[in-house]
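As structure tokens, the structure follows; a few thoughts come after it.
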Amino acid sequence: MNFSKKISWALGLSVLLVSSVVSTSMAEDCAKAEVLKAGPNASVTGDVAIQVKCLDATPAFGTIMVVPDTTITDQALATALTAISLNKTVWLRTEGVVSGSLLTVMYIAK
Numbered sequence: 271m272n273f274s275k276k277i278s279w280a281l282g283l284s285v286l287l288v289s290s291v292v293s294t295s296m297a298e299d300c301a302k303a304e305v306l307k308a309g310p311n312a313s314v315t316g317d318v319a320i321q322v323k324c325l326d327a328t329p330a331f332g333t334i335m336v337v338p339d340t341t342i343t344d345q346a347l348a349t350a351l352t353a354i355s356l357n358k359t360v361w362l363r364t365e366g367v368v369s370g371s372l373l374t375v376m377y378i379a380k
């Protein structure tokens, strides 16, 4: 294999790798979610997990356990507990639709 073919092959592999990483970390929004549980969880980064049920038709990710980004752990926990105590829904953004997905944004909704 000559040098240019090796470079082309390496470039193609790099593009494939980057595209697979990008496609698995797409942000998902849920405009109306119910907070079911929230509290400490030593088995996750940041030690906090929040269980939410997306009530929107899209995305249909149902009930998942999300892990707040470490820069918003305290705020996300406070928001989740407030939503539970006031019986309010939340708007949220996650980095996936499976349990263990990273929570990056959470707002209390009307």
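Each residue of the sequence shown is one higher than the one before, starting from 271 at the first, in this note's numbering.
Note that beta-carbon positions come from the ideal geometry of N, C-alpha and C, so glycine has one too.
Inset, instruction - Mind checking who M376 pairs with in its DSSP beta bridge? - result: On the sequence shown, position 106 is the one that residue 376 refers to. M376 pairs with L362.
Inset, instruction - In the DSSP assignment, find the unbroken beta strand (DSSP E) run with I320 in it and report its ends. - result: Indexing the sequence shown from 1 puts residue 320 at position 50. Per DSSP, the unbroken beta strand (DSSP E) holding I320 starts and ends at V318 to C324.
Inset, instruction - Ignore the nearest five residues each way along the sequence and tell me which others in T374's own chain have a CB closer than 6 Å to its CB. - result: Along the sequence shown, read from residue 1 onward, the residue named residue 374 stands at position 104. Cβ neighbours of T374 beyond the five flanking positions: D339 and R363.
Inset, instruction - Determine, using beta carbons only, whether E298 and T359 come nearer to each other than 7 Å. - result: The residue labelled residue 298 in the question sits at position 28 within the sequence shown. The residue labelled residue 359 in the question sits at position 89 within the sequence shown. Cβ distance not < 7 Å, so E298 and T359 don't count as in contact.
Legend entry - Host alpha helix (DSSP H) of A346 (start-end): By one-based count along the sequence shown, residue 346 stands at place 76. Its alpha helix (DSSP H) spans residues T343 to L356.
Legend entry - Three-way DSSP call (helix, strand, coil) for V367 in this model: Along the sequence shown, read from residue 1 onward, the residue named residue 367 stands at position 97. Residue state, collapsed to three classes: coil.
Legend entry - Strand pairing of V305, partner residues [DSSP]: One-based indexing of the sequence shown puts residue 305 at position 35. Its beta-bridge partners are V322.
Inset, instruction - Check V314 in the structure and name its three-state DSSP category. - result: Position 44 of the sequence shown, counted from the first residue, corresponds to residue 314. Residue state, collapsed to three classes: coil.
Legend entry - T294 versus W361: straight-line alpha-carbon distance, rounded: Taking the first residue of the sequence shown as 1, we reach residue 294 at position 24. Taking the first residue of the sequence shown as 1, we reach residue 361 at position 91. Legend: pLDDT at T294 = 49, less than 50; position of this residue unreliable, value from coordinates given subsequently. When rounded, the distance between both Cα atoms is 21 Å.
Inset, instruction - Find the nearest neighbour of Q345 within the set C324, G316 and A301, judged by alpha-carbon distance. - result: By one-based count along the sequence shown, residue 345 stands at place 75. In terms of Cα proximity to Q345, the closest of C324, G316 and A301 is G316.
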